[in-house]
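Take a look at the structure set out below.
Protein chains: 2
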Amino acid sequence: MSAAEEMTGEDTPWAEVTPDAARRLLVAAVEAFAERGYQATTTRDIAGRAGMSPAALYIHYKTKEELLHRISRIGHDKALEILEAAANGPGTAAERLADAVRSFVRWHAGRRTTARVVQYELDALSAEHRAEIVELRRKSDAAVRRIINEGVAAGEFDVPDVPGTTLAVLSLCIDVARWFSTEGRRTPDEVGALYADLVLRMVSARK
Amino acid sequence: MSAAEEMTGEDTPWAEVTPDAARRLLVAAVEAFAERGYQATTTRDIAGRAGMSPAALYIHYKTKEELLHRISRIGHDKALEILEAAANGPGTAAERLADAVRSFVRWHAGRRTTARVVQYELDALSAEHRAEIVELRRKSDAAVRRIINEGVAAGEFDVPDVPGTTLAVLSLCIDVARWFSTEGRRTPDEVGALYADLVLRMVSARK
DNA sequence: GCATGCTCTAAGCGCTTGCTCACTGTCGGG
DNA sequence: CCCGACAGTGAGCAAGCGCTTAGAGCATGC
Chain S
3 MSAAEEMTGE
13 DTPWAEVTPD
23 AARRLLVAAV
33 EAFAERGYQA
43 TTTRDIAGRA
53 GMSPAALYIH
63 YKTKEELLHR
73 ISRIGHDKAL
83 EILEAAANGP
93 GTAAERLADA
103 VRSFVRWHAG
113 RRTTARVVQY
123 ELDALSAEHR
133 AEIVELRRKS
143 DAAVRRIINE
153 GVAAGEFDVP
163 DVPGTTLAVL
173 SLCIDVARWF
183 STEGRRTPDE
193 VGALYADLVL
203 RMVSARK
Chain U
3 MSAAEEMTGE
13 DTPWAEVTPD
23 AARRLLVAAV
33 EAFAERGYQA
43 TTTRDIAGRA
53 GMSPAALYIH
63 YKTKEELLHR
73 ISRIGHDKAL
83 EILEAAANGP
93 GTAAERLADA
103 VRSFVRWHAG
113 RRTTARVVQY
123 ELDALSAEHR
133 AEIVELRRKS
143 DAAVRRIINE
153 GVAAGEFDVP
163 DVPGTTLAVL
173 SLCIDVARWF
183 STEGRRTPDE
193 VGALYADLVL
203 RMVSARK
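If you read the protein sequences in the order shown, they are chains S and U.
To convert, note that position 21 of the first sequence is 23 in the working numbering; the numbers rise steadily by one, no gaps.
To convert, note that position 128 of the second sequence is 130 in the working numbering; the numbers rise steadily by one, no gaps.
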């Protein structure tokens, strides 16, 4: 197991959401938002998937947007945790960058339903909630940029445009949530390995 | 001007849509869909932006979905045209791959409003319309894959996984439509140049 | 053994949605 | 000078939306 994953804790995805009914509603919302998009999802659909009446939703969440915010917040915390674990891990910059990309991509592919909501429904958040999430994304960007900067400083990488390359690396990983399908040919592990290799090429990591 | 651009014809974006009122509605729909998403956009909003009453929309388009389909179709035709022009252009595989990425990225950044609708609202299409669009995307994938295959055959590139790398290259370009902003620091030309360089690194193009 | 507090439901309110329809204004051809 | 054709409008329909409310069911504390 990679350094990044050792530190991400247990893998039961929504264990921190309690009570049980609130978690069932949240899981139902993740599935519905991922399938149809936030705007096209009705509160009746979410409640139905959780086996409850439409009104039950409002006992646990004030609005439909609060559900999205909770999902987005937990997902972004997890994404940041993965990237910072890799950035702070042992090994050379190349090893840490590969670890970051591998585990970040694996999360986007393996938990694609969640990742899709987290990465593509930001616009539906309220201004305050969006600002909070954008701050988390800034930290994710900083974690990756730090690895690349350290690789350049150590002479491991050749990168003319560090902010631009950081942006491209994150963009590449995030877009996995758009196209990945569990019915496709590749497993999350395979995509992670492929992408780690491609990113090392992007920074011209010496062998 | 690159080979890819020489062949893309005139740049007035929606000139082929007639009559004038139909074009104004379509342009209004592109803006609204890009801003709020298809589902969150109302027919009243589209008609309002075009300076018309809600009912006027239905003289030119049968449904709201037909508007999206028309936009998606024209946009995908354009995207395919750009990639095939580069693939069929002169020069080495490296030059053609750089040309493809440069002009494809430039389109996504420069016409970001359109690109956002084209790339991120596929799910809102009807099954038949989506199938038609997916076929166009398959052809885009084939055009890029052909350049990479030719580069490998000519000994210009070192690519262990051609389909996977093709997917990653297209994914990287497409995701530009998600993050690019006209208020940002980079121009479409700059992003195109940066990405062309990164992609040549991904295929280990010899200098 | 009854009051309290909490989860959940049935019903439904006020509003917005995609879309329709009866009608108006305008304009070229006989 | 009227005609049919047609782009465009104002009003509005049926359906569905997010969310609320009154009250049922059921544990727990005393």
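Quick reminder that beta carbons are idealized off the backbone N, C-alpha and C, glycines included.
The model shown is predicted, which means the values in this text are computed figures rather than measured ones.
Inset, instruction - Could you give the DSSP three-state label for P190/S: helix, strand or coil? - result: As a first step, residue 190/S must be located in the first sequence, where it is residue number 188. Here P190/S sits in helix by DSSP.
Legend entry - Unbroken alpha helix (DSSP H) run spanning V211/U, endpoints: This structure cannot settle anything about residue 211/U, because the visible part of chain U is limited to 3 through 209.
Inset, instruction - Output the boundary residues of the alpha helix (DSSP H) element that contains K66/S. - result: As a working mapping, residue 66/S is identified with position 64 in the first sequence. K66/S -> alpha helix (DSSP H) spans 66-89.
Legend entry - Under 8 Å by beta carbon: chain U residues contacting A170/S: The sequence position of residue 170/S within the first sequence is 168, counting from 1. By Cβ distance, chain U contributes L174, L196, Y197, L200.
Legend entry - Span of the alpha helix (DSSP H) around R98/S: Position 96 of the first sequence, counted from the first residue, corresponds to residue 98/S. R98/S: member of the alpha helix (DSSP H) spanning 95-112, first to last residue.
Inset, instruction - Return yes when the Cβ of G77/U is within less than 8 Å of the Cβ of V136/U, no when it is not. - result: As a first step, residue 136/U must be located in the second sequence, where it is residue number 134. As a first step, residue 77/U must be located in the second sequence, where it is residue number 75. Contact: no.
Legend entry - Rounded straight-line distance, which links the Cα of A144/U to that of T144/S: Start at 1 with the first residue of the first sequence, and residue 144/S comes out as number 142. Start at 1 with the first residue of the second sequence, and residue 144/U comes out as number 142. Note that residue 144/S is Ala in the sequence shown here, rather than Thr. C-alpha separation (whole angstroms): 36 Å.
Inset, instruction - Would you identify the three-state DSSP class for D177/S, choosing helix, strand or coil? - result: As a position in the first sequence, residue 177/S is number 175, starting the count at 1. In the structure shown, D177/S falls within a coil segment according to DSSP collapsed to helix, strand and coil.
Legend entry - Selected residue, minimal CA-CA separation from T189/S, among I149/S, G112/S, I176/S, T168/S: The residue given as residue 189/S occupies position 187 in the first sequence. When only C-alpha atoms are compared, the closest one is G112/S.
Inset, instruction - Could you spell out where the alpha helix (DSSP H) holding L138/U opens and where it closes? - result: As a position in the second sequence, residue 138/U is number 136, starting the count at 1. 129-155 is the extent of the alpha helix (DSSP H) around L138/U.
Inset, instruction - In angstroms with no decimal places, state the Cα-to-Cα distance between A24/U and A42/S. - result: Within the second sequence, the letter at position 22 stands for residue 24/U. Within the first sequence, the letter at position 40 stands for residue 42/S. If you take the alpha carbons of A24/U and A42/S, they lie about 26 Å apart.
Legend entry - Span separating the alpha-carbon of R98/S from that of P92/S: Position 96 of the first sequence, counted from the first residue, corresponds to residue 98/S. Position 90 of the first sequence, counted from the first residue, corresponds to residue 92/S. If you take the alpha carbons of R98/S and P92/S, they lie about 7 Å apart.
Inset, instruction - Return yes when the Cβ of A95/S is within less than 8 Å of the Cβ of A49/S, no when it is not. - result: For this step, residue 49/S is matched to residue 47 along the first sequence. For this step, residue 95/S is matched to residue 93 along the first sequence. No.
Legend entry - Residue from C175/U, T65/U, E83/U with nearest C-alpha to V107/U: Walking along the second sequence from the start, residue 107/U turns up at place 105. Considering only alpha carbons, the answer is C175/U.
Legend entry - Alpha carbon of Y60/S to alpha carbon of T115/S, nearest angstrom: Taking the first sequence and counting its residues from 1, the one referred to as residue 60/S is at position 58. Taking the first sequence and counting its residues from 1, the one referred to as residue 115/S is at position 113. If you draw a straight line from the Cα of Y60/S to the Cα of T115/S, it comes to about 23 Å.
Inset, instruction - Could you tell me which of A88/U, L70/U, K141/U, T65/U sits nearest to L169/U, measuring between CA atoms? - result: To locate residue 169/U, count along the second sequence from 1; it is residue 167. Among A88/U, L70/U, K141/U, T65/U, the Cα nearest to that of L169/U is on K141/U.
Inset, instruction - Return the CA-CA distance between S105/S and S173/S, expressed in angstroms with no decimal places. - result: Translated into the one-based positions of the first sequence, residue 105/S becomes position 103. Translated into the one-based positions of the first sequence, residue 173/S becomes position 171. Separation of S105/S and S173/S (C-alpha to C-alpha, rounded to the nearest whole angstrom) is 15 Å.
Legend entry - C-alpha distance - A30/U paired with Y122/S, whole-angstrom precision: Mapped onto the second sequence, residue 30/U falls at position 28. Mapped onto the first sequence, residue 122/S falls at position 120. In this structure, the CA atom of A30/U is about 23 Å from the CA atom of Y122/S.
Inset, instruction - For chain S, find out if any of its Cβ atoms is closer than 8 Å to the Cβ of T167/U; answer yes or no. - result: Taking the second sequence and counting its residues from 1, the one referred to as residue 167/U is at position 165. Closer than 8 Å to the CB of T167/U there is at least one CB belonging to chain S.
Legend entry - Supposed close pair V32/U, I84/U - CB separation, criterion 8 Å: What you label residue 32/U is simply residue 30 of the second sequence in a count that begins at 1. What you label residue 84/U is simply residue 82 of the second sequence in a count that begins at 1. With a Cβ gap of about 18 Å, V32/U and I84/U do not count as contacting.
Legend entry - Closest by C-alpha distance to R147/U, when choosing among P165/U, D22/U, L27/U: Taking the second sequence and counting its residues from 1, the one referred to as residue 147/U is at position 145. Of the candidates P165/U, D22/U, L27/U, the one whose C-alpha sits nearest the C-alpha of R147/U is P165/U.
Legend entry - Beta-carbon proximity of V171/U to F182/U, cut-off 8 Å: Counting from one through the second sequence, the residue named residue 171/U turns up at place 169. Counting from one through the second sequence, the residue named residue 182/U turns up at place 180. No, Cβ-Cβ distance for V171/U and F182/U is not below 8 Å.
Inset, instruction - Would you kindly work out how many angstroms separate the C-alpha atoms of E67/U and V161/U, rounded to a whole number? - result: Taking the first residue of the second sequence as position 1, residue 67/U is located at position 65. Taking the first residue of the second sequence as position 1, residue 161/U is located at position 159. In this structure, the CA atom of E67/U is about 40 Å from the CA atom of V161/U.
Inset, instruction - Go ahead and label E130/U buried or exposed: buried means 16 or more other beta carbons lie within 10 angstroms of its beta carbon, across all protein chains shown. - result: To locate residue 130/U, count along the second sequence from 1; it is residue 128. Its Cβ having fewer than 16 others within 10 Å, E130/U is exposed.
Inset, instruction - Could you confirm whether any beta carbon from chain U is found closer than 8 Å to the beta carbon of R203/S? - result: As a working note, residue 203/S is residue 201 in the first sequence. For R203/S, the answer is yes, since a Cβ of chain U falls inside 8 Å of its Cβ.
Inset, instruction - Take the Cβ of G186/U as the centre, count every other Cβ of all protein chains shown within 10 Å, and call the residue buried at 16 or more, exposed below. - result: Residue mapping note: residue 186/U aligns to position 184 of the second sequence, counting from 1. It counts as exposed.
Legend entry - Residue closest to I150/U, alpha-carbon to alpha-carbon, out of A89/U, E134/U, W109/U, H110/U: Within the second sequence, the letter at position 148 stands for residue 150/U. That would be A89/U, whose Cα lies nearest to the Cα of I150/U.
Inset, instruction - Give a single yes or no on whether A156/S has its beta carbon closer than 7 Å to a heavy atom of the ligand NAP. - result: No copy of the ligand NAP appears in this structure; indeed no ligand is present at all.
Legend entry - Minimum Cβ-Cβ distance from W181/S to chain U less than 8 Å: Counted from its first residue, the first sequence places residue 181/S at position 179. Under the 8 Å criterion on CB atoms, W181/S is classed as interfacial with respect to chain U.
Inset, instruction - Could you spell out the range, first to last residue, of the alpha helix (DSSP H) harbouring A49/U? - result: Looking up residue 49/U in the second sequence gives position 47. Membership of A49/U in the alpha helix (DSSP H) is indicated by the continuous run 45-51.
Inset, instruction - Report yes or no: is there a C-beta of chain U within less than 8 Å of the C-beta of D47/S? - result: Along the first sequence, one-based indexing puts residue 47/S at 45. It does not: the Cβ of D47/S has no partner Cβ on chain U nearer than 8 Å.
Inset, instruction - Grab the span of the alpha helix (DSSP H) containing Y63/U for me, first residue to last. - result: Here residue 63/U is taken as the residue at index 61 of the second sequence, counted from 1. If you look at Y63/U, you'll find it isn't in any alpha helix (DSSP H); DSSP assigns it neither H nor E.
Legend entry - Option nearest A81/U by Cα separation, candidates P21/U, A198/U, T20/U, R118/U: The residue given as residue 81/U occupies position 79 in the second sequence. Taking only the C-alpha atoms, the option nearest A81/U is R118/U.
Legend entry - Secondary structure of P56/S, DSSP reduced to three states: For the purposes of this step, residue 56/S is taken as residue 54 along the first sequence, with counting starting at 1. The three-state reading of DSSP puts P56/S in helix, counting H, G and I together.
Inset, instruction - Below 8 Å on the Cβ atoms is my guess for L69/U versus L28/U; work out the distance and round it to an integer in Å. - result: Within the second sequence, the letter at position 67 stands for residue 69/U. Within the second sequence, the letter at position 26 stands for residue 28/U. Rounded, the Cβ-Cβ distance is 6 Å, consistent with contact.
Legend entry - Beta-carbon spacing of M204/S, M204/U below 8 Å: Taking the first sequence and counting its residues from 1, one reaches residue 204/S at position 202. Taking the second sequence and counting its residues from 1, one reaches residue 204/U at position 202. Taking C-beta atoms as the reference points, M204/S and M204/U count as a pair closer than 8 Å.
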